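**Q** Chains X and L, in that order, give the protein sequences. Position 247 of the first sequence, counted from 1, bears residue number 247 in my numbering, the numbering being contiguous throughout. Position 239 of the second sequence, counted from 1, bears residue number 239 in my numbering, the numbering being contiguous throughout. Beta carbons: idealized from backbone N, C-alpha and C, even for Gly. Here the structure is a predicted model, which means the values were calculated and not measured.
2 protein chains.
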Amino acid sequence: MKKIYSIAIHGGAGAISKNVSVRDKDMYLAALTDILFYGNGLLRDGRSAIDTVELVVNRFEDCELFNAGKGAVFNSEGKIELDAAVMDGRDRSCGAVTCVTRIKNPVTLARMVMESSPHILLCGKGAEQFAKEHGMKFVRNSYFFTRKRYDQWLMLKDRGNTALDHSSGLMNSTKGTVGCVVKDIYGDLAAATSTGGMTNKKYGRIGDTPIIGAGTFADNSTCAVSCTGTGEEFMRTVAAYEIHALMKYKKIPLQQALDHFTANILKADTGGLIAVDSKGNHAYSFNSKGMYRGAAGSYGFFEVKIWE
Amino acid sequence: MKKIYSIAIHGGAGAISKNVSVRDKDMYLAALTDILFYGNGLLRDGRSAIDTVELVVNRFEDCELFNAGKGAVFNSEGKIELDAAVMDGRDRSCGAVTCVTRIKNPVTLARMVMESSPHILLCGKGAEQFAKEHGMKFVRNSYFFTRKRYDQWLMLKDRGNTALDHSSGLMNSTKGTVGCVVKDIYGDLAAATSTGGMTNKKYGRIGDTPIIGAGTFADNSTCAVSCTGTGEEFMRTVAAYEIHALMKYKKIPLQQALDHFTANILKADTGGLIAVDSKGNHAYSFNSKGMYRGAAGSYGFFEVKIWE
């Protein structure tokens, strides 16, 4: 019997302008293609769902183009604060970190929290203390410095505004959350999400990314989901878990559940989400102008897209 | 037509020993009675749901007997860290704070976040900066010092253990999360939860209390819910939102939804939850030994309880 596997990725959603150079567009599509190809290969080679989502999100975190890890945006103090979460659909094991500043790959720390602590969500200095005790490699906060992000922050800082990575006119310099959801050849699901948050965010604001059920969720019986966009709307709607509930209790298929959610539940122009189900289907849906995304799998499908 | 209102409160759940003096038992029942009487009166007098849950939880926060505000437990560094959340069932407005150390009434700050910021969840020093800018009164961390909590922390500290307020043998000195859910005479629902977390907790651990959908949720179309117990299990199960989903998509009545949840979904000996629905029913359910709780309403019912 053919082994079924499936993967979907996103690199953020928002008001992504189409008025962009071919070179920039191709750069993003190439990065998405590269990361999707990598993840698809891991699954084909028999890597577990939980390994795959972590490794794929690590790639996003190491890429300057996306708002996570290396490419993260600056908060109001000109610093980087990172959030990430991971969830294993087999038993709903999960881990997450928020407001960490010196961790190169926050999603790997989230997995460490999942596997080596009785807790789910660790915050700030406490999370970094945990990381240190568990032998995680630290980077200086300056590792995350990129010219583009800095210029973008300078633009917003004095106005007191916040911005998602790619709101109005900031295309090219900013790109939201990143995430990956997969079904592996053993039938297991997993989801992971990682972000640098909103440019110029204040007050230790925590978004949906590290919140299990909001930005990230996985359960083998239904689906694995990762969200991106204006975090507060995904928190208010308990977005990722709502997809699970629609499938489990209303018996709505994956793509329909996502479409219903972005059309009727999520506030307009908020963002989008990606998902896979236990049958190996993938789906994405968004109500913003665009979403960096891709999907592939054992059925030979391979696609990367930015707009409709 | 008679105006229907309904309120339920909790002061924590866990392995509450029955081997306790009549004096101690009466002290808790008297505190619960007092707080419930106060909240019931507010509703009868026409206060809104959102006002009532805040004011009732303020009373809990100011009472030394419960693990929230004044009575909060110590973390591993011998300090107090407080979390709270509030949600308005009319439009799902919500606000929450986590890891604040100098705020007398965290649930009031959570409401300020809901009403005066575009965000939902603010953390630590950032949350306190927001509080300061909005004129909130601060207390010194020493305000929260109580002999009982300190002794309890000393007991656990060297063992490296964490404890919910009333795990094994700690009855009398410790009492978990507090919460309140109501339906007001205008038909609106609201929920609020506040906590000092787990004694001797480390690493900036965040539990379910400030997580919308996990420890706290309200939606006029279904129910308002507040949870208490081992936070991680309520996060993994997205507990409060699961009750909403069971009611909305499976059409299961309130009490049945809670009972199904604590019997079949929530891990054994984890804790419990309280809820009211849009018809004015109240419900509680728990799978721990006990839960400090009470319920009252326009139908003349008034009850406070600790065990079954």
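May I ask you to report which of helix, strand or coil DSSP gives G229 of chain X?
**A** As a first step, residue 229 of chain X must be located in the first sequence, where it is residue number 229. Look at G229 of chain X here: in three-state DSSP terms it is strand.
**Q** Kindly indicate which three-state DSSP category G297 of chain L falls into: helix, strand or coil?
**A** Locating residue 297 of chain L in the second sequence gives position 297, where the first residue counts as 1. When DSSP states are grouped into helix, strand and coil, G297 of chain L belongs to the strand group.
**Q** Could you tell me whether the region 240-260 of chain L touches the region 122-133 of chain X, using the rule of 3 or more Cβ pairs below 8 Å?
**A** The region 240-260 of chain L, when compared against the region 122-133 of chain X, does not touch it at the 8 Å Cβ threshold.
**Q** Kindly say whether Y241 of chain L, judged by its beta-carbon, lies nearer than 8 Å to any beta-carbon of chain X.
**A** The residue labelled residue 241 of chain L in the question sits at position 241 within the second sequence. Output row for Y241 of chain L: interface = yes.
**Q** Short of 8 Å in beta carbon distance, which residues of its chain neighbour I16 of chain L, apart from the five on each side in sequence? Order them along the chain.
**A** Within the second sequence, the letter at position 16 stands for residue 16 of chain L. Within the same chain, I16 of chain L has close Cβ partners H166, M171, S288, K289, G290, M291, Y292, I306 and W307.
**Q** Exposed or buried, what is G75 of chain L when buried is set at 16 or more other beta-carbons lying within 10 Å of its beta-carbon?
**A** Taking the first residue of the second sequence as 1, we reach residue 75 of chain L at position 75. Reading off the sequence shown, one finds Asn at residue 75 of chain L, where the question assumed Gly. Buried, since its Cβ has 16 or more Cβ neighbours within 10 Å.
**Q** For Y284 of chain X and A275 of chain X, what's the separation of their Cα atoms in angstroms?
**A** As a working mapping, residue 284 of chain X is identified with position 284 in the first sequence. As a working mapping, residue 275 of chain X is identified with position 275 in the first sequence. Their backbone Cα atoms lie some 6 Å apart in a straight line.
**Q** Roughly how many angstroms lie between the CA atoms of R47 of chain X and K70 of chain X, to the nearest whole one?
**A** To locate residue 47 of chain X, count along the first sequence from 1; it is residue 47. To locate residue 70 of chain X, count along the first sequence from 1; it is residue 70. The alpha-carbon atoms of R47 of chain X and K70 of chain X are separated by roughly 25 Å.
**Q** With distances taken from CA atoms, which of X:T209, X:N281, X:K104 and X:M87 is nearest L254 of chain X?
**A** Translated into positions along the first sequence, residue 254 of chain X becomes position 254. For L254 of chain X, the nearest C-alpha among the options comes from X:N281.
**Q** What residue range is occupied by the uninterrupted alpha helix (DSSP H) comprising E128 of chain L?
**A** Counting from one through the second sequence, the residue named residue 128 of chain L turns up at place 128. It spans G124 to E133 - the alpha helix (DSSP H) in which E128 of chain L sits, taken as one unbroken run.
**Q** Going along chain L in order, which residues have a C-beta closer than 8 Å to the C-beta of H134 of chain X?
**A** Here the question's residue 134 of chain X lines up with position 134 in the first sequence. Here the premise fails: no neighbours, minimum Cβ distance about 10 Å.
**Q** Using only the alpha-carbon positions, how far apart do L361 of chain L and A8 of chain L sit?
**A** As displayed, chain L neither begins before 1 nor continues past 308, which places residue 361 of chain L out of reach and without an answer.
**Q** I'd like to know whether the C-beta of Q129 of chain L is nearer than 8 Å to at least one C-beta of chain X.
**A** Locating residue 129 of chain L in the second sequence gives position 129, where the first residue counts as 1. Yes, Q129 of chain L lies at the interface with chain X (some Cβ there is under 8 Å from its Cβ).
**Q** With a 10 Å radius around its C-beta and 16 neighbouring C-beta atoms as the bar for buried, classify E54 of chain L as buried or exposed.
**A** Residue 54 of chain L sits at position 54 when you count from the first residue of the second sequence. Buried.
**Q** In the DSSP assignment, what are the bridge partners of D83 of chain X?
**A** Counted from its first residue, the first sequence places residue 83 of chain X at position 83. X:T195, per the DSSP bridge assignment.
**Q** Pop quiz: L82 of chain L and G196 of chain L are said to be a contact at Cβ under 8 Å. What is the actual Cβ separation, rounded to whole angstroms?
**A** If you number the second sequence from 1, residue 82 of chain L lands on position 82. If you number the second sequence from 1, residue 196 of chain L lands on position 196. About 6 Å separates the two Cβ atoms, so the contact holds.
**Q** For T101 of chain X and F145 of chain X, what's the separation of their Cα atoms in angstroms?
**A** Taking the first residue of the first sequence as 1, we reach residue 101 of chain X at position 101. Taking the first residue of the first sequence as 1, we reach residue 145 of chain X at position 145. When rounded, the distance between both Cα atoms is 12 Å.
**Q** Relative to the C-alpha of Y203 of chain L, which candidate in L:T52, L:Y5, L:G124 and L:F60 has its C-alpha closest?
**A** Stepping through the second sequence from its first residue, residue 203 of chain L is reached at position 203. Checked all of L:T52, L:Y5, L:G124 and L:F60; the closest Cα to Y203 of chain L is L:G124.
**Q** Run the proximity test for G11 of chain L: is its beta-carbon closer than 7 Å to any non-hydrogen atom belonging to the ligand ATP?
**A** Questions concerning the ligand ATP fall outside what the structure shown contains, since it holds no ligand whatsoever.
**Q** Once DSSP output is grouped into helix, strand and coil, what is the label at H260 of chain X?
**A** For the purposes of this step, residue 260 of chain X is taken as the residue at position 260 of the first sequence. H260 of chain X: helix per DSSP, three-state reduction.
**Q** Quick check on P118 of chain X: buried or exposed, where buried means 16 or more other Cβ atoms within 10 Å of its Cβ?
**A** Position 118 of the first sequence, counted from the first residue, corresponds to residue 118 of chain X. It counts as exposed.
**Q** I'd like the ranges of any beta strand (DSSP E) spanning at least 3 consecutive residues and lying wholly in the region 53-126 of chain L.
**A** 82-88, 93-100 and 121-123
**Q** 8 Å is my cut-off, CB to CB: does Y5 of chain L come that close to chain X?
**A** Taking the first residue of the second sequence as 1, we reach residue 5 of chain L at position 5. No, because no Cβ of chain X sits closer than 8 Å to the Cβ of Y5 of chain L.
**Q** Within the continuous beta strand (DSSP E) that includes I35 of chain L, where are the two ends?
**A** Here residue 35 of chain L refers to the residue found at position 35 when the second sequence is read from its first residue. For I35 of chain L, there is no enclosing beta strand (DSSP E); the enclosing alpha helix (DSSP H) has its first and last residue at V22 to R44.
**Q** Residues of chain X with CB under 8 Å from C94 of chain L, in chain order?
**A** Walking along the second sequence from the start, residue 94 of chain L turns up at place 94. What C94 of chain L touches in chain X: M235 and R236.
**Q** In angstroms, rounded to a whole number, what distance separates the CA positions of C63 of chain X and D88 of chain L?
**A** For this step, residue 63 of chain X is matched to residue 63 along the first sequence. For this step, residue 88 of chain L is matched to residue 88 along the second sequence. The straight-line gap from Cα to Cα measures roughly 40 Å.
**Q** So A245 of chain L contacts chain X; which residues on that side make the cut at Cβ distance below 7 Å?
**A** Position 245 of the second sequence, counted from the start, is the residue given in the question as residue 245 of chain L. Within chain X, the residues near A245 of chain L are A245 and Y249.
**Q** From E232 of chain X to V238 of chain L, what does the alpha carbon distance come to, in whole angstroms?
**A** Here residue 232 of chain X refers to the residue found at position 232 of the first sequence. Here residue 238 of chain L refers to the residue found at position 238 of the second sequence. Roughly 17 Å between the two C-alpha positions.
**Q** Give a yes or no on contact between the region 260-270 of chain X and the region 258-276 of chain L, applying the rule of three or more CB pairs nearer than 8 Å.
**A** no
**Q** For R236 of chain L, which residues from the same chain have a beta carbon less than 8 Å from its beta carbon, with the 5 sequence-adjacent residues on both sides left out?
**A** Within the second sequence, the letter at position 236 stands for residue 236 of chain L. None.
**Q** Would S168 of chain X pass as an interface residue toward chain L - the criterion being a Cβ-Cβ separation below 8 Å?
**A** Translated into the one-based positions of the first sequence, residue 168 of chain X becomes position 168. A caution first: S168 of chain X carries a pLDDT of 42, below 50, which makes its placement in the model unreliable, though a value can still be read off. For S168 of chain X, the answer is no, since every Cβ of chain L falls outside 8 Å of its Cβ.
**Q** Tell me the DSSP bridge mates of D291 of chain X?
**A** For the purposes of this step, residue 291 of chain X is taken as the residue at position 291 of the first sequence. A small fix is needed here, since residue 291 of chain X is Met in this sequence, not Asp. Note: M291 of chain X sits in a beta bridge opposite X:A13.
**Q** Give the residues of chain L in contact with A214 of chain X, contact being defined as C-beta atoms less than 7 Å apart.
**A** As a position in the first sequence, residue 214 of chain X is number 214, starting the count at 1. Within chain L, the residues near A214 of chain X are G213.
**Q** Pick out whichever of X:D91, X:V107 and X:V182 has its Cα sitting closest to the Cα of V97 of chain X.
**A** Numbered from 1 along the first sequence, position 97 holds the residue referred to as residue 97 of chain X. Cα-wise, what sits closest to V97 of chain X is X:V107.
**Q** Looking at S194 of chain L: is its Cβ nearer than 8 Å to the Cβ of H10 of chain L?
**A** Your numbering for residue 194 of chain L matches position 194 in the second sequence. Your numbering for residue 10 of chain L matches position 10 in the second sequence. Result no, Cβ atoms of S194 of chain L and H10 of chain L do not sit closer than 8 Å.
**Q** Please confirm if E232 of chain L has its CB atom under 8 Å from at least one CB of chain X.
**A** Position 232 of the second sequence, counted from the start, is the residue given in the question as residue 232 of chain L. For E232 of chain L, the answer is yes, since a Cβ of chain X falls inside 8 Å of its Cβ.
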